[in-house]
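Q:
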Amino acid sequence: MNKNKFTEFFKGKGYYVLLFIGVLAIGAVAVVGSQLSLDLQNEEQNYVDLNDTDDNITAGEDTELAENNPVSDQIVNPESNLGDDVTNDLGSSYDAQVEYEGYGEDTTNTVDQASNQDTQQNQQAAATTEEEETSVATAGNEVKNEENIISNLSFKADDGLSWPVQGDVIMNYSMDHTIYFATLMQYKVNPAIIISAEVGTEVKAAADGVVTGIDANNPETGYTITMSIGDGYSVVYGQLNGESVALKVGDKVEAGDTIGTIAKPSKYYSVEGSNLYFQVMENDQTVNPMSLLR
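161 is the number that numbering that gives the first Met the number 0 gives to position 162 of the sequence shown; each next residue is one higher, with no gaps.
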């Protein structure tokens with residue numbers, strides 16, 4: 000019975016029921032579509048494109064970034080930074096202009112100072128040159144005087160030489176064959192004679208002469224003096240005490256004058272003992288002193 004009533008009601012009202020259901024379906028579709036659209040918009044807003052500018056960042060976010068990152072000041076406030084840079088550049092340009100305005104005066108002073116320095120240097124150079132020329136002239140005069148003195152010296156082999164010290168000849172002159180050197184423990188030629196003498200013994204000039212050379216640090220013969228005695232002859236005195244020698248190059252010495260005293264022997268003659276190294280040369284060739292000593 001009830002089933003028949005429902006069937007009759009549906010036949011009479013079926014159109015309206017279907018219409019109502021269709022409206023509900025459309026509404027439901029609209030609601031669902033709206034919700035999906037809203038969700039899609041939210042996703043798009045949450046999505047950040049790296050190619051986009053920072054225009055979407057809010058003022059609050061700008062402030063927070065600026066506080067946490069000092070570098071962001073240059074991005075957040077580019078115009079203010081540009082203004083500071085322009086101001087600083089203008090200030091620097093102004094300072095440069097002020098310095099440039101005074102440049103002419105500084106340059107003038109600098110040029111004057113440089114000119115004065117050049118003048119002083121030229122004067123010093125001229126004085127130095129004059130001193131050098133004077134020294135050269137003086138040295139030249141001394142050489143000429145020395146040459147004149149030497150040229151006035153005269154030595155005759157027949158007149159011979161006086162003994163510079165009294166003592167035994169412990170090593171003879173020998174250039175044609177070798178002799179034994181006790182300290183060196185070897186045989187070699189000997190271009191001089193070695194005269195035994197105690198330390199402090201005075202050494203006398205063997206002839207008139209002029210001092211032509213002083214070797215204060217000869218490793219073999221110690222403090223050594225060379226004298227020219229004229230006519231191509233020269234005499235060498237070695238193993239002298241340098242502190243006892245008052246002579247200098249160019250001094251004239253007469254026969255018998257004290258030259259200095261005997262020093263301790265050099266390491267080349269430590270076994271032979273203290274001695275006088277006495278050498279005679281004629282035209283730069285050694286000769287036997289024994290042939291001239293009288």
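Ideal placement from N, C-alpha and C gives every residue a C-beta, glycine not left out.
Under the three-state reduction of DSSP, which class applies to E201: helix, strand or coil?
A: Strand, per DSSP.
Q: For G199, collect the residues of the same chain with a Cβ closer than 7 angstroms to its Cβ; drop the 5 residues on either side in sequence, then sort them by chain order.
A: Excluding residues within five positions, the ones whose Cβ falls inside 7 angstroms are T260 and I261.
Q: For D207, does the count of other Cβ atoms within 10 angstroms reach 16, so buried, or fall short, so exposed?
A: Flag for D207 reads buried.
Q: Flag this pair as yes or no: are the beta carbons of A254 and A204 separated by less than 9 angstroms?
A: Contact flag set, yes.
Q: Tell me where the beta strand (DSSP E) around T182 begins and ends.
A: That residue, T182, is in no beta strand (DSSP E); it is neither H nor E in DSSP.
Q: Cutting at 6 angstroms between CB atoms, please list the residues of its own chain near S243, excluding the five before and the five after it.
A: Hits under 6 angstroms: G259 and T260.
Q: What's the C-alpha gap between T225 and A181?
A: Their backbone Cα atoms lie some 26 angstroms apart in a straight line.
Q: Considering only residues of the same chain and omitting the five flanking positions on each side of G166, which have a CB-CB separation below 6 angstroms?
A: The residues are I194, S195 and A196.
Q: Cα separation between D54 and F19?
A: Only weak support exists for where D54 lies, its pLDDT of 46 falling under 50; the coordinates are left without a value.
Q: Excluding five sequence neighbours on each side, which residues of the same chain lie with their C-beta closer than 6 angstroms to the C-beta of D256?
A: Cβ neighbours of D256 beyond the five flanking positions: A204.
Q: Can you list, in chain order, the residues of its chain whose CB lies under 7 angstroms from that of Q122, leaving out five sequence neighbours each side?
A: Hits under 7 angstroms: none found.
Q: Whether or not the region 209-222 and the region 161-175 are in contact is what I'm after, with contact meaning three or more pairs of Cβ atoms, one per stretch, closer than 8 angstroms; do they touch?
A: Taking 8 angstroms as the limit for Cβ pairs, the verdict is that the region 209-222 does not touch the region 161-175.
Q: Would you mind sorting Q278 into buried or exposed? The rule is 16 or more other CB atoms within 10 Å of its CB.
A: It counts as buried.
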